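Chains as they are written, first to last, in my numbering: chain A, 121 to 306; chain B, 121 to 306; chain C, 121 to 306; chain D, 121 to 306. Backbone N, C-alpha and C fix where the C-beta goes; we use that ideal spot for every residue, glycine too. All values reported here derive from a predicted model rather than from experimental measurement.
4 protein chains.
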Amino acid sequence: MAAALDVFAAQGYRGSTVEQIARNAGMSKANVLYYFHTKDDIYAAVLSRTLHVWLEPLEQLEPDGDPIEQIWQYTRQKLQLSRDAPHASRLFANEILQGGNAVGPFLQSELKTLVDAKCQIIQDWIDQGRLAAVSPLHLLFLIWASTQHYADFQPQIHALHTGDENSLYQQAEHTLRLIITQGLKP
Amino acid sequence: MAAALDVFAAQGYRGSTVEQIARNAGMSKANVLYYFHTKDDIYAAVLSRTLHVWLEPLEQLEPDGDPIEQIWQYTRQKLQLSRDAPHASRLFANEILQGGNAVGPFLQSELKTLVDAKCQIIQDWIDQGRLAAVSPLHLLFLIWASTQHYADFQPQIHALHTGDENSLYQQAEHTLRLIITQGLKP
Amino acid sequence: MAAALDVFAAQGYRGSTVEQIARNAGMSKANVLYYFHTKDDIYAAVLSRTLHVWLEPLEQLEPDGDPIEQIWQYTRQKLQLSRDAPHASRLFANEILQGGNAVGPFLQSELKTLVDAKCQIIQDWIDQGRLAAVSPLHLLFLIWASTQHYADFQPQIHALHTGDENSLYQQAEHTLRLIITQGLKP
Amino acid sequence: MAAALDVFAAQGYRGSTVEQIARNAGMSKANVLYYFHTKDDIYAAVLSRTLHVWLEPLEQLEPDGDPIEQIWQYTRQKLQLSRDAPHASRLFANEILQGGNAVGPFLQSELKTLVDAKCQIIQDWIDQGRLAAVSPLHLLFLIWASTQHYADFQPQIHALHTGDENSLYQQAEHTLRLIITQGLKP
DNA sequence: AATGAATGAGTGTTCATTCAT
DNA sequence: CATGAATGAACACTCATTCAT
Chain A
121 MAAALDVFAA QGYRGSTVEQ IARNAGMSKA NVLYYFHTKD DIYAAVLSRT LHVWLEPLEQ
181 LEPDGDPIEQ IWQYTRQKLQ LSRDAPHASR LFANEILQGG NAVGPFLQSE LKTLVDAKCQ
241 IIQDWIDQGR LAAVSPLHLL FLIWASTQHY ADFQPQIHAL HTGDENSLYQ QAEHTLRLII
301 TQGLKP
Chain B
121 MAAALDVFAA QGYRGSTVEQ IARNAGMSKA NVLYYFHTKD DIYAAVLSRT LHVWLEPLEQ
181 LEPDGDPIEQ IWQYTRQKLQ LSRDAPHASR LFANEILQGG NAVGPFLQSE LKTLVDAKCQ
241 IIQDWIDQGR LAAVSPLHLL FLIWASTQHY ADFQPQIHAL HTGDENSLYQ QAEHTLRLII
301 TQGLKP
Chain C
121 MAAALDVFAA QGYRGSTVEQ IARNAGMSKA NVLYYFHTKD DIYAAVLSRT LHVWLEPLEQ
181 LEPDGDPIEQ IWQYTRQKLQ LSRDAPHASR LFANEILQGG NAVGPFLQSE LKTLVDAKCQ
241 IIQDWIDQGR LAAVSPLHLL FLIWASTQHY ADFQPQIHAL HTGDENSLYQ QAEHTLRLII
301 TQGLKP
Chain D
121 MAAALDVFAA QGYRGSTVEQ IARNAGMSKA NVLYYFHTKD DIYAAVLSRT LHVWLEPLEQ
181 LEPDGDPIEQ IWQYTRQKLQ LSRDAPHASR LFANEILQGG NAVGPFLQSE LKTLVDAKCQ
241 IIQDWIDQGR LAAVSPLHLL FLIWASTQHY ADFQPQIHAL HTGDENSLYQ QAEHTLRLII
301 TQGLKP
């Protein structure tokens with residue numbers, strides 16, 4: 121339910137009410153609970169749908185091609201996602217910030233497996249001398265953090281940035297590309 | 121009140137109860153509200169005390185000395201702060217994520233003034249050819265995001281990183297230094 | 121509807137839901153309410169059907185024959201009914217316990233008429249010196265109470281009686297016969 | 121809480137609302153739940169207080185004295201209790217009727233122990249030829265049923281009995297004494 | 001005749017806040 | 001200063017009933 125994503129992303133699980141979700145969706149509270157039996161169920165459904173969107177770009181990181189270009193493309197996609205689906209990013213941030221109990225199993229199984237595989241690819245690039253000797257995992261952290269930041273900390277960003285959204289993301293892309301492509305050179 | 125910081129950082133404003141804060145502080149609920157009249161007041165007090173801790177490192181960014189070294193030292197301090205005061209970081213992240221209404225005025229006045237001043241310093245460095253031509257504001261965003269990430273997304277980080285906290289922060293520092301110092305070279 | 125009797129007998133009117141009745145009957149909730157417009161209607165229908173089963177044995181109490189034997193046969197039939205139709209007994213007990221609003225009219229008209237007639241028969245037997253000088257109405261109360269008890273208080277009885285159901289009812293019959301036949305001797 | 125006993129006795133657990141109990145006690149709903157955290161807790165407290173009242177008369181059944189007189193005195197006390205504390209009787213009846221889940225443990229331990237002991241006393245009397253050869257347990261059932269009936273089935277009794285409450289209980293006592301004292305003669 | 005969908009009115013429970021002591 | 005007691009306003013969830021198909 122898109123309405124639920126809106127609400128959960130804006131206020132977190134505890135701060136959201138079924139009433140808000142229902143009104144947002146143009147239904148009655150009781151009718152929302154007719155489809156999803158509990159508030160937890162709504163949250164779990166929204167979360168699981170969002171998580172897969174979140175993983176997709178990383179899956180496309182492949183060993184072929186230029187390492188720095190690959191990593192930059194991944195970063196760009198994540199930045200784009202922050203712009204296009206900020207709700208999803210905030211939902212995820214809220215969830216993790218408040219303990220991540222609902223995604224704990226996902227993090228430790230699915231995500232861990234995927235991340236381990238991709239870190240191996242990056243490590244291979246490093247071992248081949250095609251990339252600076254960073255820690256692959258922490259490189260991912262840096263990419264995630266610096267791109268999701270634009271979705272998660274939007275109010276702060278809007279308070280400090282003067283100019284429209286287009287210029288904001290152009291500057292973001294420019295700065296990230298410069299630092300990442302230059303910073304990762306072997 | 122340190123007890124309130126704990127609670128608000130862990131569960132956000134809406135998720136926290138005065139009862140929890142009181143128990144955490146070893147007082148009665150009524151007594152907490154004797155000092156801070158409302159829950160909002162507790163929150164505002166905790167938030168304002170935390171914000172100043174948050175600004176301090178940035179204030180020390182001075183035009184003298186080597187630009188890249190100065191920026192790296194700032195980044196290092198922020199990373200250290202994430203490790204030493206994760207509660208403060210999470211409190212701030214929760215606040216911004218949920219709209220930032222309570223810090224809106226602060227962001228637009230105090231923080232904006234400080235950030236503008238420091239961006240000017242960085243821009244001067246760039247104009248002098250001593251730093252890569254990044255957008256100063258977005259450089260700050262990258263530094264904030266990539267350091268606070270270690271406090272705000274702790275559950276995710278612990279799920280993906282195998283090893284103790286020391287090695288975690290050593291690798292983080294190593295990776296950040298490499299990318300930032302090399303990425304910012306003119 | 122037998123399904124409704126099951127549910128109402130087990131949980132009383134307020135404790136039962138139309139959903140439970142429907143599922144128990146293998147229908148949809150909406151379809152149950154297609155036949156019986158409201159929950160009240162279902163209850164009234166079940167109750168009225170049950171009441172007639174409940175009266176039947178008393179109607180067979182006739183002035184002919186041996187008084188004590190007649191009364192014992194009635195008692196035996198009621199005990200048998202408690203065993204064979206405990207649901208009906210519990211439905212009735214629940215209804216009366218919770219005020220008997222739905223059966224009030226029935227009690228004051230149909231039942232009162234029947235009971236008055238039968239009490240007259242018993243009183244005649246007493247006046248003829250063929251029965252101990254009990255109050256006929258209270259004799260009926262004792263018979264009703266002591267037989268329905270086996271249906272209405274089943275959980276208590278099962279907790280205190282060790283042995284199977286056959287032995288339970290044999291002992292019940294034995295004890296009731298002894299006390300009633302000997303106790304009613306003139 | 122006397123108010124809770126009133127409400128639970130009249131409508132059973134499911135039929136009662138915390139709101140009713142609160143209004144009946146002259147408090148707010150929230151204040152009732154300040155003392156008893158849940159509806160279940162209120163019910164459990166009321167039930168346990170009532171159960172002990174319920175056991176007391178049986179405890180006084182002693183092996184000394186005339187058996188029939190002892191049993192009659194017990195019956196009389198139970199009848200008196202039905203008159204004086206009908207709420208307690210109805211609370212218990214409602215509980216058992218609806219499965220007795222809340223008193224199950226009590227029935228199987230405390231009550232069973234007490235009943236076993238008292239049944240042994242009665243059995244001894246029978247073995248000594250001082251009492252008719254009834255089943256002691258079922259004698260207790262008959263006494264319980266026929267006395268509690270006056271509390272539990274009050275609406276029915278009032279519909280069938282013409283006359284005031286005094287005459288009602290006089291007739292009840294007369295009839296029960298006659299049948300029990302005569303029926304139990306060896 | 002049958003059912004999935006929809007909803008208003010409750011119902012138990014939580015919680016920030018007030019008050020008396 | 002400190003706290004137990006009290007309460008109105010929410011909130012998640014249930015349920016009898018209605019409606020469209």
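*Tell me whether C/D139 is buried or exposed, calling it buried when 16 or more other Cβ atoms sit within 10 Å of its Cβ.*
Locating residue 139 of chain C in the third sequence gives position 19, counting from the first residue. Contrary to the premise, residue 139 of chain C reads as Glu rather than Asp in this sequence. Under this definition C/E139 is an exposed residue.
*Taking 9 Å as the CB-CB cut-off, is C/K149 touching chain D?*
Start at 1 with the first residue of the third sequence, and residue 149 of chain C comes out as number 29. By this cut-off, C/K149 is not an interface position.
*Drop a sphere of 10 angstroms on the beta-carbon of C/P187, count the other beta-carbons inside from all chains shown, and report buried for 16 or more, exposed for fewer.*
Walking along the third sequence from the start, residue 187 of chain C turns up at place 67. With 16 or more Cβ atoms within 10 Å of its Cβ, C/P187 is classed as buried.
_Going by DSSP in three states, B/G135 sits in which element: helix, strand or coil?_
Numbered from 1 along the second sequence, position 15 holds the residue referred to as residue 135 of chain B. Assignment of B/G135 by DSSP, reduced to helix, strand and coil, places it in the helix class.
*Cβ pair C/A332, D/G224 closer than 9 Å*: As displayed, chain C neither begins before 121 nor continues past 306, which places residue 332 of chain C out of reach and without an answer.
*Taking 9 Å as the cut-off, decide whether the C-beta atoms of A/L217 and B/F273 are in contact.*
As a first step, residue 217 of chain A is located in the first sequence; it is residue number 97 there, counting from the start. As a first step, residue 273 of chain B is located in the second sequence; it is residue number 153 there, counting from the start. Cβ distance < 9 Å, so A/L217 and B/F273 count as in contact.
*Following the continuous alpha helix (DSSP H) through C/K305, name the residue where it begins and the one where it ends.*
In the third sequence, counting from the first residue as 1, residue 305 of chain C sits at position 185. Run containing C/K305: none; DSSP gives neither H nor E here.
*Check whether the segment 254–272 of chain C touches the segment 201–214 of chain C, taking contact to mean three or more Cβ pairs, one atom from each stretch, closer than 8 Å.*
Touching, per the Cβ criterion.
_Within 9 Å of any Cβ in chain B, is that where the Cβ of A/W245 sits?_
Your numbering for residue 245 of chain A matches position 125 in the first sequence. It does not; no Cβ of chain B falls within 9 Å.
*Tell me whether the beta-carbon of D/L298 lies closer than 9 Å to the beta-carbon of C/A253.*
By one-based count along the fourth sequence, residue 298 of chain D stands at place 178. By one-based count along the third sequence, residue 253 of chain C stands at place 133. The answer is yes: Cβ separation under 9 Å.
_I'd like to check one pair, B/P275 with A/G220: are the Cβ atoms closer than 9 Å?_
Sequence index remark: in the first sequence, residue 220 of chain A carries index 100 (1-based). Sequence index remark: in the second sequence, residue 275 of chain B carries index 155 (1-based). Result yes, Cβ atoms of A/G220 and B/P275 sit closer than 9 Å.
*Does DSSP classify B/Q248 as helix, strand or coil?*
Residue numbering aside, residue 248 of chain B sits at position 128 when the second sequence is read from its first letter. Of the three classes helix, strand and coil, the one that applies to B/Q248 here is coil, per DSSP.
*Backbone CA spacing between C/K198 and C/L296 [nearest angstrom]*: The residue you call residue 198 of chain C lines up with position 78 of the third sequence. The residue you call residue 296 of chain C lines up with position 176 of the third sequence. Roughly 12 Å separates the two Cα atoms.
*Provide the residue span of the alpha helix (DSSP H) that contains C/T267, from first to last.*
By one-based count along the third sequence, residue 267 of chain C stands at place 147. Counting along the chain, the alpha helix (DSSP H) containing C/T267 begins and ends at P256 to D272.
_Neighbourhood of A/V235 by C-beta, 6 Å cutoff - its chain only, sequence neighbours within 5 removed_ = By 1-based counting over the first sequence, the position of residue 235 of chain A is 115. Within the same chain, no residue comes within 6 Å of A/V235 by CB-CB distance, once the 5 residues on both sides are set aside.
_Length of the line joining the Cα atoms of D/D284 and D/G135_ = On the fourth sequence, position 164 is the one that residue 284 of chain D refers to. On the fourth sequence, position 15 is the one that residue 135 of chain D refers to. Straight-line spacing of the CA atoms in D/D284 and D/G135 works out to 30 Å.
_Between the CA atoms of C/L251 and D/L171 - distance to the nearest angstrom_ = In the fourth sequence, counting from the first residue as 1, residue 171 of chain D sits at position 51. In the third sequence, counting from the first residue as 1, residue 251 of chain C sits at position 131. The alpha-carbon atoms of D/L171 and C/L251 are separated by roughly 38 Å.
*Comparing alpha-carbon positions, which option in D/S148, D/E293, D/Q302 and D/A208 lies nearest D/V356?*
Residue 356 of chain D cannot be examined here, being either before or after the span of chain D that is shown, 121 to 306.
*asked:* Looking at the secondary structure, which residues open and close the alpha helix (DSSP H) in which B/A222 lies?
replied: The residue given as residue 222 of chain B occupies position 102 in the second sequence. Unbroken run through B/A222: none, as it is neither H nor E.
*Counting Cβ pairs, one atom from each stretch, are 3 or more of them under 8 Å apart for the segment 142–153 of chain B and the segment 189–198 of chain B?*
Contact between the segment 142–153 of chain B and the segment 189–198 of chain B is absent, with fewer than three C-beta pairs closer than 8 Å.
_Since C/P183 and C/D244 should fall inside the 8 Å C-beta cutoff, what is the C-beta to C-beta distance between them, to a whole number of angstroms?_
For the purposes of this step, residue 183 of chain C is taken as the residue at position 63 of the third sequence. For the purposes of this step, residue 244 of chain C is taken as the residue at position 124 of the third sequence. Indeed they touch by this definition, with Cβ atoms about 7 Å apart.
*Could you check the C-alpha separation between B/L178 and A/L260 for me, to the nearest Å?*
Within the second sequence, residue 178 of chain B is the residue found at index 58, counting from 1. Within the first sequence, residue 260 of chain A is the residue found at index 140, counting from 1. Between the alpha carbons of B/L178 and A/L260 lies a distance of about 25 Å.
*Is A/I277 near A/W192, with beta carbons less than 9 Å apart?*
For the purposes of this step, residue 277 of chain A is taken as residue 157 along the first sequence, with counting starting at 1. For the purposes of this step, residue 192 of chain A is taken as residue 72 along the first sequence, with counting starting at 1. For A/I277 and A/W192, no; Cβs fall outside 9 Å.
*Is B/A292 helix, strand or coil when you go by DSSP?*
Stepping through the second sequence from its first residue, residue 292 of chain B is reached at position 172. Helix.
*Label B/E215 either buried or exposed according to how many other C-beta atoms from any shown protein chain fall within 10 Å of its C-beta, with 16 as the threshold for buried.*
Sequence index remark: in the second sequence, residue 215 of chain B carries index 95 (1-based). B/E215 should be labelled buried.
*Residue closest to A/L257, alpha-carbon to alpha-carbon, out of B/P256, B/T158, B/H294 and B/K232*: Within the first sequence, numbered from 1, the residue matching residue 257 of chain A stands at position 137. The shortest C-alpha separation from A/L257 is found at B/H294.
*So what's D/A122 in DSSP terms, helix, strand or just coil?*
Numbered from its first residue, the fourth sequence carries residue 122 of chain D at position 2. Residue state, collapsed to three classes: helix.
*Host alpha helix (DSSP H) of A/L153 (start-end)*: One-based indexing of the first sequence puts residue 153 of chain A at position 33. From DSSP, the alpha helix (DSSP H) with A/L153 extends over K149 to Y155.
*Within the 9 Å Cβ cut-off, does B/R250 reach chain A?*
Translated into the one-based positions of the second sequence, residue 250 of chain B becomes position 130. The C-beta of B/R250 comes no closer than 9 Å to any C-beta of chain A.
*Can you pull the chain C residues whose beta carbon is under 7 Å from the beta carbon of D/S255, in chain order?*
The count along the fourth sequence starts at 1 and reaches residue 255 of chain D at position 135. For D/S255, the residues of chain C that pass the 7 Å Cβ criterion are Q291, H294 and T295, in the order they occur in the chain.
*Under 9 Å between the Cβ atoms of B/F212 and B/L181?*
Position 92 of the second sequence, counted from the start, is the residue given in the question as residue 212 of chain B. Position 61 of the second sequence, counted from the start, is the residue given in the question as residue 181 of chain B. Going by C-beta atoms, B/F212 is not nearer than 9 Å to B/L181.
_For a cutoff of 9 Å on Cβ pairs, would you count B/S168 as touching chain A?_
Taking the first residue of the second sequence as 1, we reach residue 168 of chain B at position 48. B/S168 has a beta carbon lying at 9 Å or more from every beta carbon in chain A.
_Opening and closing residue of the alpha helix (DSSP H) in which B/S229 lies_ = Translated into the one-based positions of the second sequence, residue 229 of chain B becomes position 109. Run containing B/S229: none; DSSP gives neither H nor E here.
_Continuous alpha helix (DSSP H) stretch holding C/Q190: start and end_ = For this step, residue 190 of chain C is matched to residue 70 along the third sequence. Taken as a continuous stretch (DSSP letters only), the alpha helix (DSSP H) holding C/Q190 covers P187 to D204.
*Please decide whether D/P177 counts as near chain C, where near means a Cβ-Cβ distance under 9 Å.*
Along the fourth sequence, read from residue 1 onward, the residue named residue 177 of chain D stands at position 57. Not an interface residue.
_Can you confirm whether D/Y270, when its beta carbon is compared against all beta carbons of chain C, has any partner nearer than 9 Å?_
The residue labelled residue 270 of chain D in the question sits at position 150 within the fourth sequence. Closer than 9 Å: yes.
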